[in-house]
Each structure stands twice: as structure tokens, then as C-alpha cells.
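First the structure, in the form of C-alpha cells, and then the observations on it.
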Amino acid sequence: MAEYTWPSREATAVIGKEVDRLDGMAKATGAAKYTYDVNLKNQLIAVALGCPHAHCKITKLDVSAAEKTPGVVAVHIFEHAAVGREVEWEGELLAVVAAESEAAAKAGVAAIKLEYDELPVFVDDEDLAAAEKAGRTGKGGGKTELEREPGDDDDEDEFVEKEIARLLKESKYVVEGYYGIDAITHCCLEPHGSTVEWKDGKLLAYLSTQNVSGTDEGFANDLGITSSDVEVKCDYIGGGFGSKFAPDYWGVAAAKISKETGRPIKFLLSRDQELKIAGNRPSGYINVKIGADENGVLTVWDSVHWGTAGYKGGGVSQTVMPYVIRPKNYRRIATTVATNTAQSRAWRAPNHPQACAMSQTAIDDMAAKMGANSYDVFAANLRAGNVDSQHPDAANVYLAEMERCAELIDWKANWHPHGKGKAKGSIVDGLGMALHTWGGTANNSDCRLKVSPDGSVEAFCGSQDLGTGTRTVIAQVLAETFGLGIDQVRVNIGSSKYPASGASGGSTTVGGVCESHRRAGLDALDKLFELAAKELGVDAASLEAVGGKIRVKGSDKSIAWKKACTLLGMKPLEINASYKRGDVSTLSSSGVCGVQMAHVEVDKETGVIKVKKFVAVQDQGLVINPKTCKSQIYGAMIMGIAAALYERRITDPKSGAFVNAELADYKLARLGDIGELVVDLYEPESERQRGVIGNGEPPAISPKAAIANAVANALGVRVPVVPLTPKRVLDALAKA
Amino acid sequence: MTDLKNKAAKKSGFNRRDFFRGSGAIAAATALQTQTADAFQDQSPQIISGETTITLNVNGKDHQVKAEPRTTLLEVLRYQLDLTGAKPVSSDGSSGASTIFVDGKPMTASTILALQAAGKKIETVESLGGDAVQQAFVKYDAEQCGFCTPGFVMAVRSFLNKKPNASEAEIRSGLNGNICRCGTYANIVEAAISVAKGGN
Amino acid sequence: MKAFEYASPRTEAEVVQLLSAEPGKTEILAGGTDLVGLMKKMIVTPDRVVNIMDVPTLKSIDELPDGSVSIGATVTLDDILAHPYLDVYPAIKQAIRGISSMQLQAQGTLGGEVCQRPRCWFYRNGDGLLSQGVAEGANEFHAILGNSGPAKFVNSSRIAPALIALDAQLRVLGPDDAEQFVPLAEFFRSPQREGQREHVLAPNQFVSHIVLPPIEGRTCATYEVRHGEGPDYPLAAAAAALRLNGFGIVQDANVVLGQVAPMPWISQEAIAVLRGRKVDVALAEAAGEAAVSRATPLSQNEYKVQLAKVAVKRAILLAAGYETGGF
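Chains as they are written, first to last, in the working numbering: chain A, 2 to 737; chain B, 2 to 201; chain C, 58 to 384.
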């Protein structure tokens, strides 16, 4: 067996190099076919009716006029929309119309007669008192850690109260804060959906999914067939961000209608349905008291937070609070709030962005209270060991990354105490920072590798490319392993018929596919080395594959790759490789840090904020492709700018309607909003040695807190809830 | 306030004769345009209802397509011509994902009726054929999931056609009609700058 | 979209012929950037759509004998930006640049921009233009002035405030060869009942041209408070036109607010503050204060009072050649 390792930095030819995305030109020319773009012969277009009210009981759903609408071929009513059923959020699909054209399907939907009784609506997730009064709250768990233990005679609850009160009282500084972060939606530009057809009793589903290998089973279970009768294909996916792991009930409906009608069906959600039902991130709001010593080192944290993940309640997990900077003494309590909104889905780094925005804002307010430099307060806490991170050497890595980040944003020169900057007209500027952590363990991944006698290399893997650059990374690993050029490797992903590879979620894809393909490559190389060794009359252990040759290390003796492959005879060499989570490996590991610093300007008269400069320093172990790796980080920062300044789900307090569910109203960052972005990959040898770690989530965590802290530094006033809209900035200034 | 009555009121200092004296040149100047813009052969305004066959000039070729008055140009491009580069993202064009050129100008196919496009020169992203902007998008990795990319490529192409030597500041303020959810803006700026410098 | 008939007339007279006298039956289509989206969501469901883009006389910008400039209703916003005649009206160009989307500028027309339907989410989600839900609902972008009637939406036009400040007139055509010139200041209204339009045109009338009187020594500017870049509508806006004498004293002024009332809001209070005084920061600020003195914010939009005030102040400062001090 080969020993699975990476070559040293000096020895790499392709890994660690800026390689262009292999499918880049396909995307830029429009040749890349997404689920929405797959047009099957004789297909019908399906359009759904969404529930117009946030909480109601269906009393009538008459589709007879829809069925008679010209062009309409089939109408499907969902079980959950039967008369007498309650619908608990706006937009939930009630019925689907399949027709010869999009226009005919829409006309069919418009002809559906729906009647319902309105039921009470609750959507005000920020108002805890109102939620309690409405009976919408639940226990979200909690935890208390105290250095001192209660005595045998103490009542435990009483002891905790007293101990926290004591710690706060003995603190040199105390900050009492309120912070929050609104619910946002995934807002994938390609909406959820599928284009499906049946052939000989088997389902072929082009599904917009981040889980190619796992969704065949989802279809099979709901359709009463076996997963071997389903092929899920997804060559390209137009955004997922954690919301596209399943076929969803609308995907299953497409398959059912297709079966009924004997026609292929294309069924993608409308834009407002995409925002209303296909994924959102829970909100979080917090009341917190913290105490610190004379250096700002936290001595105690005491918080209650709440928020909503939808009609079932839920919210931000208490387990991640307080975030990264965590004192030895803390109490955290979470309360869930059930609202008439669709249930949340995993959103890029579930729980972390909210936790970061709800806790590192308090750390910054501590610095403000002390009149101290925020950088020093963060650093003092790290040095004091007030740190909770998944990186095994967290404090040191954070401190090193902070130093680098501060240099890049020129923290020293640009720093001023909170609210003490020089105004230019009505414009003030400020600096803010935040820290984050994430696991990023490689996902399970299988692959099949084929090395043909003609020297060609082809790989098959049921993974997908969310925008990560999956194809490119796989090609780099194989090219490096075989000493070939990137264009000499063919990569196939995006089918559930390929060897199973894990869902792309939680920053697990690059690690997973690197594990499986490096293993397959090294196993194949072993076989080729054996053949080449015989041919060259040397020991197989003395061989290496570089520059299109298999050669004896440190000598000129070699055999060209193509020639070596002819030694395989008639049949190609096929290798299956498999990586399972938990396998001992030096190829990948888990746990990263990451630091971000923002420099913003605020117009105090209008509350408008502009990002001037925003810097991210990020570790992710071994970097396979710095180009796509940086793109992930840029993207996370830009998404973060949107969540920090612009985007949120706005619900009407009376009707519960999600009123801004179109892109004209759901405000995202535009190209002109991002300021100067700088990304620095932190990859000293100590990090590189750890192998590959995913980086999709971590850089998406800090932006909200970093930008909110920069605004607080500029204004000398905390704007507590993100996004920091002009309304909120002005309200905060008016209150101060 | 009531509706404006239909009478030739003369509230202002203008009168009809003045108006037409001033704009008299319009008819002559635009006569040529009228001919080329002539979507339908009839002289009198034809009222169209239901499905009709029209000719659309797309990427330099005439195509016979079927359209109802309510059919959008985007639907025709995607479903009948299988030109799926322009994407359906927002119903009102606010994402810019369906950007195409109509007589050389950037417009969103999702908000144009197919009948309106008859007689016009339609160009989609598929017509660019791997040009300098597309190459720059690849080189500067100005794409992630790629769903917004064709629309953005068309926007950048159009912007640089108009301002071949655009500065970074102009680029940053001139490309706000498109939305990218993955966050490729920083890379798009780099790509656009590289092409502007290249003078293509 | 509901199925409809489509016609593409070639003359102004044909346009009028094709329009129905009955409300809601016919819609005029120009650039389509607003109407097509509304039809897709079945908010607007005409029986007939009249495309006026192929009427040659509606497509040009001309100087009239008295020095006025006439802009055809279907002249696109990018053509206005590029037109040298219009450099003397910076308020208009600033407003168009604010619509920060190449596509909207290339496709959108001046007539369409002025006649666009309100960007009110209650309306656009099918609750009607005069939805009862606004007063206590999600109204943070709604009206703070002129909102005591049933209409609480804001007029969305971004160019109308500048056009009104510059005393623009509309050339309106109707049946029987009727032509009239209507000051834009008298064009908009606050609907009193559902189904009534936000302007005074009868269903069978249409705007053919927008006529701008000569600038004649006036200066002007538009200032919009925008949350971010992109075509998103501003939170508040104002346009100012000033006639200053040699000493910088305001001889005459026009101040019009946008995005704050069901119609572009002409502020007589701000105008009164400006007349006969020398423009400086304090005066501009006082005019801003005056402009919002009668504001009646709804449950969620108190902040817009401040934004409207600042927009007025900054529009005046820009018109008078000062810097705004802000973004």
C-alpha cells in the first residue's frame, strides 16, 4: 500500500499553483447547462401556487378551471394543502400546474380558486416579550461553566446567580449590551427545482443540488422505487449555500407529474417562492452582561439569546456562545421563538455568523467602554486563554493572523478610540475586527480512476461544484500525482451513478475529493511503478512521476508517461478509492481560525455606510488552488457585506407576509458596494503540514461583527442589529 | 382631483404650431429608422392576439419562432432557440441575469416581449465566442457557481464597448445592474480592469 | 401574464385610437422595465398592450423655437445622459445616474420612468394600491408627507422631482386630435379610491413628450439618499432649482421631494425659506427643516423625516455649487 501524503511545497508542480477554473469558459460563454437550462424533448413547464397567507386553514382549493386552461396538461395538489389543513407560512406550495408553456402554466395557476380562513399570525422574532405573551417561546437549552463549585449545602441555581453577580461586581469593567442579526434567505440565483423524465421505469432527475450522491435515495424513498432506479445529475448548480441537500417535496412532485403525464417536467420555484420557502437563516438577538479586568480580559459572560428558525421554533444554537472569545466563567441560555415563517435551512457556517455577531460586538463594546484599542482587547483575551476554537493551536494562530491583518489594513495608523475620529463633513470612519473558527473536515468521498493504455487519465466522482472549483481541484491533485499537465486529466462529477461522494456542505468538498483522488492516484501510480520498474530494471521504490515521465529519482533514467501506460496491455487500469470520515490521514484535517478587519465610513446625517477596505486573513491548511481558494474568501466577504449592511427578510407584522421576496426589494450588495477587498492566505509550513481543510464557511462568519464593530468605532455609538440600515443607524444616533 | 379632460387646453406658453415647428425635423430624421424597425409588414397598426410566428434576428441569423403577445424574449431564447446563457433570475430584470444586446444596447430579455424584439438585432452571450471579456473572467476567476456569469459578461462587454479605457472608479460605479450571490464582484473588477487596459 | 392583444402603432394618432376609454383595459408599453414585471405578477392585467416604441415622433430630443427642449416619451435614459442639449439640466442627469443600472438606463424611457407604478410592496404583492395594511404594517419605505388620505405609497419616479423643479410640461394626446400641455407639477395626484391612477390622465390619453423650458440662468441638482449602489430606489430624494442673482441671493426657487409622498412633493415651505436669502449651509438646513415641518411619519418610518431633510439640504447646496459634506 502506498503511503498517502502530499509532496513538499518545493516539490509541487500543480498543487498550490493558481490554476484557472477548468469549467471557467463554459460558465463565461453560457455553454454550462444548469438544471434550469436542461430542455428535454416534449417537456412540460410546471408552476406552483404558493400560499398567500402566513397562517390559514384551507377551506377550498378548486383546480377545475386551471385544468381547463388552454395548454394545461396536469394539476397536482399537495397533500398538505387538502381542505381542512393548516398552512403555517406564506409561500408554501399548495398546487402545481404543468403546461405546454410557462405562460400557460401561470395562467393555470391564476385560475385556481383558493379560499381559506385566516388564523392568527406571529412574526415578530425580535420582540421576546411579545413572543412570550403569544406563547411562541420554547427552551433552547443552555450551559453554565463556573470555576468555583457550589458547596454541599448550596442550592445550585442560587449559587450560580450569586456567583455571576459576584463576578460582575468584582469586574473592573462591565458592559451590558443588546445585539442582533435578522433572518436572511439563501436566495440562490438558480431557484430550487428539477427537470425530470422517466425512461423504462427509471427516473432521470436533473436536480439543482449540492448533494448529487445523496438525493437519488431521497427521490427513491418518496416514489417507492430503489435508488438504483434513479439517476440524479447536476453538472452545474446556480447556488446552494446549504439549502439544496434534498429533492424537496416539489422535486418529488415533478417526478410524479412526469410519470402521470408521460412527459418530462421542468419545475423550478419562482423567485418569491425561492425566498419564501427554500431556505433561510435563523435570526438571533441577545441580552448580555460581561465583566472584564483592567486589560479587558473577560472574567464573566452572562447571556440570554433568542431568535427564530421558523414555524417549529429553533434558533441559534447555544453551543457556540460566547463565540471564540470565551471566558472561564459563563452562563448562556437560549430561547426559541416559533414564527409563521418557513423553517430555516443550513446556511453557510450554521450558527456561527449569528454567534459571532452576537458576541464579538460585546467584546468591542468592552474596548469602547475602556477607551481601549479593540485590537488590544481581543489580543489580551487570546493571550489569557479565553478562547474556544476548533483549531488546535488557536491562540497563536489568531494572534499571528491578527498581526498580518492589522498590517494589511494599517490598523495602527487608522485607529482612533471609539467615536473620536476626525469627521470630514458628516462622514466619520472607523475600524472593526472579528475572529472565527470552523471545522471543515473532509467529507466521505469515493472515486473511480481510469488510466488507459494510451496514457489518458479519467476520474469519476459523485461530487458537485457549488462554485468551489471541484473539477479543477481534482484535476490538480491527479496531475500532481502523475506528473502530468492539468489538461491531461479528465474529471467527471455530477452524477449519482458515479462513486458516491459527500454532500457539499460545511466546507467538506475539497478535503473529501482530495482524499479520494490522491489515494486513487497513488494506488494507480504503485501499479504503474511496478510495471515501469520491470521495464527500466530498477526498484519500484526508486521511481517518481514528474514532468510527463516516470523516472528514477535523482537520475536521467526514465520512461515517458504514455509509454509507461502502454505497459498496462489492452485493458485500462481501474482504481477505486474511498475515504471515510475518521480515517487516519495526513492528507486532510480539521479546524481553522481566521481574522477579518473592516474599515468603514459612515455618513452621520443619513446613516449610510460604505465599506472602504476589508481584509481577511485565513488559514485552511494546505491550499490546493490559491486562485479558487481566494475566490471563496472574497465571496464570503461580499456575502458578509450584504448581511452586514443590506439584506434581511422583512415580514409584515400584521399579515406575516414576507414583503420583500423579490430581488428589487431584497437588497443585496452590488458591485459598487464592496470597497477594496484584500485576502491573505495564511499558510506557513505548520499549517500546510495539516493537509487540506475546507474554507467555504469560515470567512463567511466574521464580516457582520467586523463591520458592525467598525461602525461602532466610527460613531462611538453601537448600532445593535445587523443589517445596519440607515434607519437603524439614525435610530441609534437619536437614542445616544 | 379629476381626470384631465380631453380638450386642447393651452395652459402653457407652448402651442401646437411651435411644438411641431421645433420637432418638424423628427419625421425626416427617423424615417430610415422606421423602415428597419418595421416588425410587421402592414402599414396600419395590426392587432395581434394568440400565437403567431415571427422572425427574430438572433446572433446574426433569422429564426422563425412562435410567440404569443405575452411571451417574453427570454422564454423564446431559452425554450425555442435553446440559448440558455441568459438566465431567469428576477421577473423584473433587477438581477441583470438575462442581459442581452438589443441593437447593441444592454437590456434584460426577461422584461422584453418577444413581439417587441422583432426587427431588432438580438445578441446573446453565446455570440461572443470566448472574447477578451470571457477570457478575463476565467483568468481572474470572476465566477463561482456561474449562474450570473453570462449576464455579467454581457454587462462588462457592453460597458467596455462604450468605455474602452474605463478607469477602475468608472468600472466600480458602472456595473451595478447585475447581482451575483456568490460574491464574485472583486474578481469581476479585476477582469474588467485587465480588459480595459488591454484596450479590447 | 394574462393573455392580451398587442399592437405596435406607428403614429401618435394610432396610439390614441388603440387606447380604451375604460380604466385598466389598455396599457402603454415602452421600455417594459416596469410594466412587464407587473403583468407577470398579474398586478396589471390589460386586455390590450400598446407598444409605443415604434412611433418615430416619440423618439427624439429637439430644441423648440423658444429655447425649450422637447424629449419624446420613448427616449431612453442613456440617450438623455449622452445628449449635449441636456447638460444644462444637471438635476436630470444626476437623477438618471442614480438609477445605477446600464440595462435600466438603456431600456427604460423617460415617459415610462415618469409614469411608473409605485414601488410599494403591498401593491406589488397584490394587496392593491391603497392597501389598508400599510398604516400599521411594514411601512418603513412609505410616505411621510401627504399620507393622510388612503394612499400611503410613495411616488417612485426618480426623475420627476427634477423635471417638476425645472417647470417641465407634458404634451398629452387624447382622442379627437386633442393635444394639451400639462405642467408636470399638476400631473400627479394621490388616488382616493382603488383603481384610480396616480396621475390625472384619462385611460385614453398618453404622454407623448416632456418639454423643458430653457434653463435661463437657473441652477439645479438632484440628491438621493441611497442605501447602497444599484438600481434600488432611494430612501428619500430632492431636486432643487434656484435662480440666484449676482450676490448669490435666491430670486426664485423650486424644491421638490421624491420618495416621500404619493406624488412628487413640492415644498412651498422650503421655497419660502429660500426666497430672498443668500444660500449657505445654514439656509439649506433651514429649508430642509421647513420641508419636513408637516411630516406625519407612519409606524416604522420616522427616520425618513431626517433623510428627507438632508436630501433637501444637499440638493440645495449642490444646486448652489457647494459640496454636501456627505456621500
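Just so it is clear, CB atoms sit at the ideal spot from N, CA and C, and this is done for glycine as well.
Limits of the alpha helix (DSSP H) - the one that residue i falls within
{"i": "Ala327(C)", "result": "Gln325 to Leu331"}
{"i": "Cys566(A)", "result": "Trp562 to Thr567"}
{"i": "Gly124(C)", "result": "Where Gly124(C) is concerned, there is no enclosing alpha helix (DSSP H), given that its DSSP letter is neither H nor E."}
{"i": "Pro627(A)", "result": "Pro627 to Leu646"}
Contacts that residue i makes with chain B (C-beta to C-beta distance below 8 Å)
{"i": "Thr90(C)", "result": "Asp93, Gly94, Thr109 and Thr112"}
{"i": "Leu747(A)", "result": "Residue 747(A) is absent from the model: chain A starts at 2 and stops at 737."}
Cross-chain neighbours of residue i in chain B, by beta carbon under 9 Å
{"i": "Leu544(A)", "result": "Neighbours of Leu544(A) on chain B: none; closest Cβ ~35 Å, over 9 Å."}
{"i": "Asp21(A)", "result": "Val139, Lys140 and Asp142"}
{"i": "Leu75(C)", "result": "Pro46 and Ile48"}
Within chain C, the residues that residue i reaches when beta carbons sit closer than 7 Å
{"i": "Ala658(A)", "result": "Asn182"}
{"i": "Ile651(A)", "result": "Ala195"}
Residue range of the beta strand (DSSP E) that includes residue i
{"i": "Gly51(A)", "result": "Leu45 to Gly51"}
{"i": "Lys613(A)", "result": "Val609 to Gln619"}
{"i": "Ile334(A)", "result": "Tyr331 to Ala339"}
{"i": "Gly139(A)", "result": "Thr138 to Glu146"}
{"i": "Ile182(A)", "result": "Tyr174 to Ile182"}
{"i": "Arg552(A)", "result": "Lys550 to Val553"}
Cross-chain neighbours of residue i in chain B, by beta carbon under 7 Å
{"i": "Arg283(C)", "result": "Neighbours of Arg283(C) on chain B: none; closest Cβ ~10 Å, over 7 Å."}
{"i": "Lys28(A)", "result": "Glu144, Gly147 and Thr150"}
{"i": "Ile773(A)", "result": "No information on residue 773(A) is available, as it lies outside the stretch 2 to 737 that chain A covers here."}
Beta bridge counterpart(s) of residue i as assigned by DSSP
{"i": "Met108(B)", "result": "Ile101(B)"}
{"i": "Gln274(A)", "result": "Gln274(A) is not bridged to any residue."}
{"i": "Leu588(A)", "result": "Paired residue(s): none; Leu588(A) is not in a bridge."}
{"i": "Thr73(B)", "result": "Leu114(B)"}
{"i": "Ser195(A)", "result": "Leu208(A) and Phe268(A)"}
{"i": "Phe659(A)", "result": "Thr652(A)"}
{"i": "His306(A)", "result": "Ile287(A) and Ala335(A)"}
{"i": "Leu574(A)", "result": "Val452(A)"}
{"i": "Gln237(C)", "result": "Val229(C)"}
{"i": "Val66(B)", "result": "Ile55(B)"}
{"i": "Asp83(B)", "result": "In DSSP, Asp83(B) forms no bridge with anything."}
Anticipated Cβ contact below 8 Å, residue i with residue j, distance rounded
{"i": "Ser324(C)", "j": "Val312(C)", "result": "5 Å"}
{"i": "Val132(C)", "j": "Tyr142(C)", "result": "Between Tyr142(C) and Val132(C) the Cβ distance is about 11 Å, and since that is not below 8 Å, they are no contact."}
{"i": "Lys451(A)", "j": "Glu575(A)", "result": "5 Å"}
{"i": "Leu208(A)", "j": "Leu224(A)", "result": "Going by Cβ atoms, the distance from Leu208(A) to Leu224(A) rounds to 13 Å, so no, they are not a contact pair."}
{"i": "Leu167(C)", "j": "Tyr280(C)", "result": "In fact, because the Cβ distance is near 20 Å, the residues do not count as touching under 8 Å."}
{"i": "Ile189(B)", "j": "Val139(B)", "result": "Between Val139(B) and Ile189(B) the Cβ distance is about 12 Å, and since that is not below 8 Å, they are no contact."}
{"i": "Glu292(A)", "j": "Val301(A)", "result": "As written in the sequence, residue 292(A) is Gly, which differs from the Glu given in the question. The pair is a contact, with the Cβ atoms about 5 Å apart (cut-off 8 Å)."}
{"i": "Leu734(A)", "j": "Leu716(A)", "result": "7 Å"}
Proximal residues of chain A, C-beta to C-beta of residue i below 8 Å
{"i": "Ser214(C)", "result": "Result: empty, since nearest Cβ-Cβ is about 15 Å, beyond 8 Å."}
9 Å Cβ cut-off: residues of chain C touching residue i
{"i": "Ser168(B)", "result": "Result: empty, since nearest Cβ-Cβ is about 16 Å, beyond 9 Å."}
{"i": "Arg272(A)", "result": "Neighbours of Arg272(A) on chain C: none; closest Cβ ~10 Å, over 9 Å."}
{"i": "Ala197(B)", "result": "Correct list: empty, because the minimum Cβ distance to chain C is about 15 Å."}
Contact list for residue i against chain A, beta-carbon separation under 7 Å
{"i": "Ala98(B)", "result": "Leu190"}
Partners in chain C for residue i, counting only beta-carbon separations shorter than 8 Å
{"i": "Phe160(B)", "result": "Met159"}
{"i": "Thr726(A)", "result": "His284"}
Cutoff 8 Å: residue i Cβ touching any chain D Cβ
{"i": "Glu69(B)", "result": "In the structure shown, chain D cannot be found, because the protein chains are A, B and C."}
Interface partners of residue i on chain A, CB under 9 Å
{"i": "Gln33(C)", "result": "Any answer about residue 33(C) is impossible in this case: the structure gives chain C only from 58 up to 384."}
So does the segment 476-495 of chain A actually touch the segment 5-23 of chain A, counting three or more Cβ pairs closer than 8 Å?
yes
Stretch-stretch touch, CB-based, cutoff 8 Å, three pairs: the segment 269-278 of chain C with the segment 289-309 of chain C: yes
Exercise. Examine the Cβ distances between the segment 65-76 of chain B and the segment 106-123 of chain B and report whether three or more of them are shorter than 8 Å.
Key: yes
| query | Just checking, does the segment 503-517 of chain A make contact with the segment 455-470 of chain A on the three C-beta pairs under 8 Å criterion? | reply | yes
Touch check for the segment 71-89 of chain C and the segment 244-262 of chain C: three-plus C-beta pairs under 8 Å?
yes
Below 8 Å, how does it come out for the segment 365-379 of chain A and the segment 413-432 of chain A: are there three or more Cβ pairs, yes or no?
yes
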